[in-house]
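According to the working numbering, the residues represented by the sequence shown are 241 to 958, in order.
Note that the Cβ used here is the ideal one computed from N, Cα and C, for glycine as well.
Have a look at the structure below before the remarks.
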Amino acid sequence: MELQHFSHKHPLVFIEKQNHESEKAFCSGCGELVSGSSFSCVECGYYLDKLCAEAPSEINHPFHCNHSLKLQVSPPYRNICDFCDKGLDKFVYHCSCDLNLHIKCALLSKSIAEKGIGKLEDIPHKEALVSIENFSEELKGAKCFACWQRLLDFAYLDLGHGIFLHKKCVDLPSEINHSLHSQHSLILQFNSKHLPCQMCKKTQVKGFVYCCSPCEVALHITCADLPTKINHLCHRNHPLFLKFDPESLPCQICQNTQDQGLVYCCSICKFKLHVDCASPPPIIKGEIHEHPFTLFWKQVPFICDACGTTGNCASYTCYKCSLTIHEKCISLPPIIKFPRHRHQLSHTFILGQYEIKTCICEACPEEVNAQHGVYCCSKCNYIVHADCAQEYSWFSFDELEDMDEDLNEKSAFAVIKVTKLGEDIVIASEIKHLNHQHNLVLSNDSEGHKVCDGCMLSISTLFYCCSQCEFFLHKSCAEAPKKKYLWFHRHQSPLTLTSNHIFRCPRCFYWFNASFAYKCNICKSYRCLACALISDTPTFQGHKHRLYRYDKYEGQCNGCGDQLHAAYVCKDCKFVVHNRCLRLPSKILHEYDEHPLILTYHEDNLYSEYTYCDICEETRNPNHWFYHCAICNTSAHRECVVKRHSYMKLGGSYRMRSHPHQLTFTKKISACHVCHQPCLDLSLECLKSGCDYIVHLECIRWQSFNYSFIQREDEGTP
């Protein structure tokens, strides 16, 4: 028997039983290994299993009543299946309203719609109904392909190929009447129009919804099943009604406020419960504790033994150990990675079992109550509130148990010569750094104004210099490691030291083009050297005590007066500063003054005529830091001295896509070719003789946020 299939130019021959060749062949329709009967073109090695070969070219699907679905060899443009949410690259049933289904997903969902749960015998690899008590580890994150809720919350069917359905979802009625849309019935459909649910206001693209297509009204399966009125033990005075969240009131069980969605509420008492909180599971087992926790329905205030914060209503209790905790705390991990500490932290309910000498949280200014649970490192006398530790739960970590403690010792230079200072001190007097082509020699020559090519700041201490070109490095910048973990970066994998890239540091918001930087190999972003070398417990020359980073802090910056929500704080006094002020250079050269300007922390002379900025000629707040030249008696705002492009190095040779010639960074008062206004700030100027092209850097920033459209000449054409 032969078949002329529209997907192939040659006739396909029917193979009733698998042979040696077809055993290793993959179906060109669904991409799966051929099993059972198939059709093939031996000449081309083209195979279709029987189901794909005999699939109709057009079907009317019960879950998509508006149009028929047409079989195509490949997806037209969008490459995600609307049933299983996996990629499409083979046969697809397609509708012009942007519905796309794998061929087998279309036929399987059609069979479910037409036959129901009792008549699924012909579904391949169908397994028996499984109880939620018998689930395996790999099913923990699985979802039902109909409602896209957690699979293991209800009994389910495994239909093979990684497709699962709740039993209750297979038994759903194909049509319902709902009080929210009394004009018409709602039909179970694919959500091809991506309509938001009329109850929770969220859009579920995958799976099924109850829908009225003419009115464009949709309800999620789970939302349609919710009772509109309940009586609840937490509020016995009045019934609770299901409503779209009318006010931003906290849920009386979890104490959280959601931005939108359905709640059960009593408008008389201003009482609100999240839908999920209204019927929590009676018993939960978590990894944080050896015994299961049992729900305790009583509106009694308590302090959670896992995190040390208060609760107001339903709690979970371990009666064997007398522990009472929030529902959310049951899922706390027993061991976590914390980016601000090199070792893993363990959760403990009994801090006294370790010899921890401190009682201050390392991530916030509050004390830790030893009577409740915390995360700690017993090796290092390091403790963190459970809630503070969870602030970094969205970070991604590498697979190492602890950070590589030797990583920061791996130098970015090779030592060529050493000099002995006294009996015990040996320093490298000549080095070869990976970011410079020549050898560098240690120097303490303070003559002239030199700028470090690593951090772009003035040099006043020991430094390395190149005898063949104008290249200088602070000794501390030269000693920056080749790879480094950055505690504030979400990807907790080592970043690589690099140089000569055009970027804006997302930590301090300054632009760079020639300095050293650390590059993340995951997100390809850069952090300037100065920001990368600031620890979470830095010292600061403008203050005598060590500072500590607090991710939650309400106050004013001592440097600029800005309101802060996170800051570096002194535990011994009221000194507070944010990152941008912390990394201000203590000394900087500026075109306004021939001498270096010194960062000054207080105004000695408070007469009003002295509190003006000599650059912008506007008033200064005498309580804020400023730059000052004692020789010339001039003072200036911090922001007038250190600007966005203050660390951009003039000169160099660059290429840009929109101009054919080499360009260089310059500051020149000429008319910009884009905005036709004088270039008063940093500009790019053409190096070719006779070409007068010049453009503001700001005028071309819209082309790329990170200036990837500009490249150094030695990096090749962009």
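How big is the Cα-Cα spacing for residue i and residue j?
i	j	result
Q312	H421	36 angstroms
T564	R580	29 angstroms
I508	C455	33 angstroms
D465	C506	20 angstroms
K792	H818	12 angstroms
A458	C451	4 angstroms
D627	L922	45 angstroms
A876	C695	22 angstroms
L894	S651	For clarity, residue 894 is Tyr in the given sequence; the question names Leu instead. The straight-line gap from Cα to Cα measures roughly 30 angstroms.
L674	C617	36 angstroms
G662	K928	55 angstroms
N199	D329	Outside the modelled stretch of the chain, which goes from 241 to 958, sits residue 199, for which no answer is possible.
A265	P316	25 angstroms
R820	H864	14 angstroms
T779	C813	14 angstroms
K784	D776	17 angstroms
P746	C604	23 angstroms
L773	K660	27 angstroms
L769	C760	13 angstroms
K597	C547	20 angstroms
Q444	I461	10 angstroms
Could you give the DSSP three-state label for residue i: helix, strand or coil?
i	result
R878	helix
D516	helix
K383	strand
S683	strand
C869	strand
S698	strand
E607	strand
D627	helix
E670	strand
E263	helix
I600	strand
C940	Position check: residue 940 holds Ile in this sequence, whereas Cys was assumed. Note: I940 maps to helix in three-state DSSP.
V282	coil
K724	strand
C705	strand
I343	helix
C616	strand
L369	The predicted model places L369 with a pLDDT of 41, which falls under 50 and marks its position as unreliable; any figure quoted below should be read in that light. Coil.
I357	Confidence is the limiting factor: at I357 the pLDDT is only 42, short of 50, which leaves the residue's position unreliable, though a coordinate-based value still follows. Reduced to three states, the DSSP call for I357 is helix.
Based on the DSSP secondary-structure assignment, which residues constitute the bridge partners of residue i?
i	result
A395	DSSP lists no partner for A395.
K310	E298 and H334
Q732	F637
E242	V253
D854	Looking at the DSSP assignment, D854 forms no beta bridge with any residue, so it has no partner.
V935	L924
L273	F266
P918	A911
N740	Note: N740 sits in no beta bridge, so no partner.
F749	Its beta-bridge partners do not exist; DSSP assigns none.
D833	H830
On a CA-only basis, which of the options is nearest residue i? Give me that one, please.
i	options	result
H835	P296, E857, A806 and A870	A870
L243	E261, C281 and I656	C281
Y841	T851, V882, G782 and G801	G782
Q495	H514, L473, R895 and E925	H514
E527	K433, H260, C569 and C517	C569
S425	F637, P413 and G688	P413
K257	S275, C717 and F246	S275
G402	A382, C387 and N417	A382
L702	G285, A718, E602 and Q708	A718
K483	P467, R476 and G551	P467
K722	Y704, I352, F712 and F756	F756
P900	I934, R878 and E879	I934
F993	H250, K759, C771 and L735	For the chain, the structure presents residues 241 to 958; residue 993 sits outside this window and is missing.
G551	Q732, H566, S336 and L339	H566
S430	S308, V809 and D685	This sequence places Phe at residue 430; Ser is not what is there. Ranking S308, V809 and D685 by Cα distance to F430 puts S308 first.
R786	H678, Y808 and F533	Y808
P541	T549, S432 and C553	C553
E710	D289, P574 and G892	G892
Does residue i get closer than 8 angstroms to chain C when you measure Cβ to Cβ?
i	result
H583	Of the protein chains in the structure, only one exists, and it is not chain C.
* To do: Would you mind listing the beta strand (DSSP E) stretches within the stretch 419 to 478 that are 3+ residues and don't spill past its ends, in chain order?
  => 421 to 430, 448 to 452, 457 to 460 and 469 to 472
* To do: Could you name each continuous beta strand (DSSP E) segment of 3 residues or more that falls completely within the stretch 793 to 826, going from the start of the chain to the end?
  => The stretch 793 to 826 is shown to contain whole beta strand (DSSP E) runs of 3 or more residues at 807 to 810, in chain order.
* Ordered list of beta strand (DSSP E) runs contained in the stretch 503 to 591, each at least 3 residues -> 511 to 514, 533 to 536, 555 to 558, 563 to 565 and 585 to 588
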